[in-house]
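Working notes for the structure below.
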Amino acid sequence: MDRNVVALIAGGGDMNTLGDLASRRNNNFNLIRMLAATAVLISHSYPLAQGSTAVEPLSSWLGLSLGELAVITFFCVSGFFISLSRDRAPSNLDFFSARFLRIYPGLTLVLLLSVFLVGPIFTTLGTLEYFRSGAIYSYLSNNLMLFSMKFQLPGLFENNPWPGINGSLWTLIYEVTLYILVGGLGAFAFYGKGPRFAVFLLVYAIVYVAFKAMLANTELLNELHRAQFFFTWSLPFVLGMALYRYRQHVQHRFIWFLPLAALAGWAYQTPFFFECFVIAWTYLIFYLGFATNSFVDRYNQLGDYSYGVYIYAFPVQEILAHQVKGIGPISMMLVAFPIVLIAAMFSWHFIEKPAMARRHGFAAQLGASFSGLKAWAGMRKGTV
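Just so we're aligned: the sequence shown equals residues 260 to 643 in this note's numbering.
The structure is reproduced here in structure tokens:
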């Protein structure tokens with residue numbers, strides 16, 4: 260057997276910790292996020308082409324769809340790198356400014372295009388009736404605030420196998436909520452030395468287990484739907500946070516993955532399978548993410564198209580389902596992907612990347628504005 264293969268299986272090819280590898284410029288996470296976004300497109304092709312009863316092949320075997328696997332991937336990677344971002348940020352203002360500029364410019368554009376381009380073209384309503392509908396404006400406002408998010412526009416794609424305009428956006432509220440958690444922990448030095456982060460993990464684990472026990476009561480299931488979603492998707496994120504906090508103690512070795520995979524296999528079809536699987540999957544993602552690869556180094560020079568693929572795939576697939584009646588999942592994947600990729604490339608190069616380049620200036624302007632407001636409030640108080 261080739262020595263490199265033996266080294267890969269036995270020890271991962273290096274003795275670095277995740278902390279050592281995280282300090283390097285190049286890694287594979289850009290590609291991993293892109294593959295995850297593409298996996299969401301593939302997964303959504305089944306219900307968007309065939310309706311809610313469509314069963315994706317992976318789901319029938321694993322109990323998790325390819326899209327859910329992709330979301331787990333997104334969240335565990337975010338947990339690590341959002342924690343790194345907060346750790347390096349001079350203040351929460353800088354941290355949240357960067358998070359805002361990463362999410363909102365791209366989100367704003369896709370919402371505006373959905374309401375003012377896709378909607379008028381494909382709605383079954385007349386143009387005036389469409390624009391007079393308050394639903395389009397609540398769609399914009401609610402989705403920009405990430406509060407009581409809307410997934411449909413009036414008269415749009417109502418007869419599609421899966422009616423809607425952009426069902427992928429549901430993850431954003433949970434992502435942003437977890438950003439706030441990271442900001443709060445960072446503000447109180449939870450990522451520094453000492454037991455604070457360990458205490459946070461202990462409290463999180465206790466609350467998680469208690470909540471899961473509560474869900475055994477089916478009467479509470481509907482009432483706690485949002486909380487259930489939060490705890491489900493917070494788990495990989497918190498695991499990513501933990502890997503960041505203890506990065507200097509976690510070895511980058513494939514052999515570490517094997518007992519975790521065995522534990523997940525043992526827990527298959529038990530109530531604990533999801534948790535065991537997510538732990539194993541999270542370590543595997545970080546093992547692969549920090550593996551060196553010259554091809555990926557070149558790929559990273561292209562740009563980060565994953566967010567654009569994620570937010571544009573659903574509308575493009577809905578248009579295809581509307582225009583090509585009876586289109587199958589495979590055909591939808593093949594036709595949608597190049598269209599979505601072009602939209603994602605445009606979004607990255609002309610919207611997302613330029614916005615991110617202004618994050619330091621944006622934070623400075625916000626800081627100056629807050630200082631001005633504080634001074635004005637002080638003057639007002641002095642004159643009363």
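Heads up, the beta-carbon is just placed ideally off N, CA and C, and yes, glycines get one too. This structure is a prediction, so every number in the text was calculated from the model and none was measured.
- Less than 7 Å separates the beta-carbon of residue 503 from that of residue 342.
- For the set 297, 608 and 486, the Cα lying nearest the Cα of residue 596 is the one of 297.
- If you check the CB distance, residue 467 and residue 346 do not come in under 7 Å.
- The DSSP-derived three-state label of residue 411 is coil.
- Shown here, residue 528 sits in coil according to DSSP, grouped into three states, outside any helix or strand.
- In this structure, residue 423 sits near residue 410, with a CB-CB distance shorter than 7 Å.
- Residue 487 carries a helical assignment under DSSP once its states are collapsed to helix, strand and coil.
- Here the segment 360–367 makes no contact with the segment 308–317; the two share fewer than three CB pairs at distances below 8 Å.
- By the beta-carbon neighbour count (other beta carbons within 10 angstroms, threshold 16), residue 513 is buried.
- Note on residue 396: under 16 other CB atoms within 10 angstroms of its CB, so exposed under the neighbour-count rule.
- Per the C-alpha coordinates, the member of 350, 278 and 329 positioned closest to residue 430 is 329.
- A straight line joining the alpha-carbon of residue 371 with that of residue 575 spans about 15 Å.
- Put simply, the backbone Cα of residue 384 is about 22 Å away from that of residue 401.
- Pairing residue 585 with residue 419, the inter-Cα distance amounts to about 10 Å.
- Contact between residue 563 and residue 607 is confirmed by a C-beta separation of about 6 Å, below the 8 Å threshold.
- In the assembly as shown, residue 517 is an exposed residue. Its beta-carbon has fewer than 16 other beta-carbons within 10 Å.
- Taken through DSSP and simplified to helix, strand or coil, residue 297 comes out as helix.
- The way I'd put it, the segment 456–465 doesn't touch the segment 303–311; fewer than three beta-carbon pairs between them come closer than 8 Å.
- Runs of alpha helix (DSSP H) with 4 or more residues, each lying fully within the segment 313–347, are found at 316–321 and 325–347, listed in chain order.
- Annotated three-state conformation of residue 436 is helix, per DSSP.
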